[in-house]
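Working notes, structure below.
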Amino acid sequence: MTSRERVRTALSHREPDRVPIDLGGMGSTGIMTVAYNKLKSHLGLNTRPSRMYDTGQQLAEPEAEILERFRVDVIALSRTYSPVTDPELSREYEAKYGGSWKPWTLPDGSSCEVPDGFKPEPDGQGGWVLKNERGVYAAMPKGALYFDASGPAANELGTAETVEDLASWKLHYAEPEQFSSLREKAKWLHENTDFAIMCGFGGGTHEPAQGLRGWGQWMMDLAADRTLADEIIGRLTEAHVHNVKLFMEAVGPYLDIVQMGDDLGTQAGPQMSPQMYHETIHPAHKAVYQAARAAHEYPFIFLHSCGGIQPLIPDLIDEGVDVLNPVQTNAAGMDPAGLKRDFGDKLAFWGGGVEVAGALTDGTPADVKRQVRERLRIFAPGGGYVFNQVHNIQANVPPANIVAMFDAAYEYGKYPIA
0 MTSRERVRTA LSHREPDRVP IDLGGMGSTG IMTVAYNKLK SHLGLNTRPS RMYDTGQQLA
60 EPEAEILERF RVDVIALSRT YSPVTDPELS REYEAKYGGS WKPWTLPDGS SCEVPDGFKP
120 EPDGQGGWVL KNERGVYAAM PKGALYFDAS GPAANELGTA ETVEDLASWK LHYAEPEQFS
180 SLREKAKWLH ENTDFAIMCG FGGGTHEPAQ GLRGWGQWMM DLAADRTLAD EIIGRLTEAH
240 VHNVKLFMEA VGPYLDIVQM GDDLGTQAGP QMSPQMYHET IHPAHKAVYQ AARAAHEYPF
300 IFLHSCGGIQ PLIPDLIDEG VDVLNPVQTN AAGMDPAGLK RDFGDKLAFW GGGVEVAGAL
360 TDGTPADVKR QVRERLRIFA PGGGYVFNQV HNIQANVPPA NIVAMFDAAY EYGKYPIA
């Protein structure tokens, strides 16, 4: 089977030859660049400079040699390094889609490249801040490993009190030509590689509204100011529906998975009651996901949503979600066996293969292999599973454990699962 066939088969709830493997197919299945540099050194891969494509989460773009070593089946449409090792194809791809990069030094002193447009400023205390026209919107203090939303520009609608106060809020409505280069790139990857191709659209409602209003204020809006909350939800949804139709018409024929995202959970359970979700966010999600499906039926709808969201899963299935990630199995209600038993016939799981905040970070390679095998025995039978760890590989994960994880996923992931 090719990687594309393998992923499509698994997501169709059939058993392929082996469980598909993902590393870096989207921004929550990847690896921090500090850990990536250590991994390359551990493997003796002195290739090109590591590229930190996601400067907020500090994520590296896996190079073709890493994809090949770990038998990865999925790539992100956004990638800039060629996903194949063929020299001629690599030169062609990177000449077209390589982008512009500059050197950067990571918190551990190792080096990488970052996009030319990444322009943090020193905060005067050994850290960094990011600014836009409204001021500081993100910060990475000295000793930190991420940029987090912070500062006076972080919440664009934070002072709004009425619907009238939203008058100056402008959302982006795309034009068809904006997706022409993305379509060309998707077509190239579809025709010149066998990888399953994933592209992020976003399409979130709850999480973006939290960013616009502030986390606590948005929860208060949902509970006590439904008029304002509904207006924000409605405007976000209208823009998403418009944009996703154009997006899918452009790239849908060449995609295997379209990635949506909206964090709905905490470690203790959903951020809101199932009833509140059903009344407020569920109709918005359904409108966006159904619009995506109507524009082009093939790509699977993949939802990234962190936390203990088990009580919301019936609504997610009703919305048209095909795939759930990161499958945060250490959160309330997210027991692997229960998830597979209750929802595995309708929902595919992508992640949950090993605990990053557990065996992958603190265990031995043997511990990692043991947990990978346990999870495969639960999630993989009958298909409906793509292997990945629970969220991104963090900076302090030992490289030997990363190798053990992916090698175990390949070794124990062959069907029939034993």
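The opening residue of the sequence shown carries number 0 in numbering that gives the first Met the number 0; numbering runs sequentially from there. Ideal Cβ placement from N, Cα and C applies to all residues, glycine included.
Per DSSP, the unbroken beta strand (DSSP E) holding S110 starts and ends at S110 to P114. By the Cβ neighbour-count rule, P102 is exposed, with fewer than 16 other Cβ atoms within 10 Å of its own. Counted as a single uninterrupted DSSP element, the stretch harbouring T236 is not any beta strand (DSSP E) but the alpha helix (DSSP H) occupying residues R225 to V250. Burial is judged here by how many other beta carbons sit within 10 angstroms of a residue's own beta carbon; R340 has fewer than 16 and is exposed.
From the listed residues G381, V18, I232 and V322, the smallest Cα separation to P282 is found for I232.
The beta carbons of H205 and I300 sit no closer together than 8 Å. Here the C-alpha atom of L105 lies approximately 43 Å from the C-alpha atom of T161. Of E60, I65 and T32, the smallest CA-CA separation from F405 is found for I65. When A228, C305, V240 and G213 are compared, the shortest CA-CA separation from G150 is found for G213.
Judged by DSSP in its simplified three-state form, Q274 adopts helix. Between E278 and R68, the alpha-carbon positions lie close to 46 Å from each other. For D53, the three-state secondary structure derived from DSSP is strand.
A check of alpha carbon separations from F178 across S167, L346 and M247 identifies M247 as the nearest. For the 8 Å CB-CB criterion, A143 and D122 do not form a contact. For I256, there is no enclosing alpha helix (DSSP H); the enclosing beta strand (DSSP E) covers residues I256 to G260. For N191, there is no enclosing beta strand (DSSP E); the residue is part of the alpha helix (DSSP H) that begins and ends at S179 to N191.
For T236, the number of other beta carbons within 10 angstroms of its own is at least 16, and it is reported as buried. Taking 8 Å as the upper bound for CB-CB distance, T84 and A63 are in contact here, some 5 Å apart.
Here W168 is exposed, its C-beta having fewer than 16 other C-beta atoms within 10 Å. With contacts defined by Cβ atoms closer than 8 Å, R17 and Y414 form a contacting pair.
The alpha carbon of W100 has as its nearest neighbour, out of S89, T79 and E87, the alpha carbon of T79. Unbroken beta strand (DSSP E) runs of no fewer than 3 residues, entirely contained in the segment 346-417, are found at 347-349, following chain order. Between N191 and the set T360, Y92, L170 and N154, the nearest pair of CA atoms involves Y92. In this structure, G382 is the residue among G382, A267, A331 and P273 with its C-alpha nearest to the C-alpha of V322. In the same chain as M25, and ignoring 5 residues on each side of it, the C-beta atoms closer than 8 Å to its own belong to A75, M197, G199, Q258, F301, H303 and N324, in chain order. For T28 against D21, the beta-carbon gap comes to about 5 Å, under 8 Å, which counts as contact. When the beta-carbon positions are compared, G210 and N154 come within less than 8 Å of each other. Cβ-Cβ distances below 6 Å link Y253 to A185, K186 and H189 in the same chain, with the five nearest sequence neighbours on each side left out; the list follows chain order.
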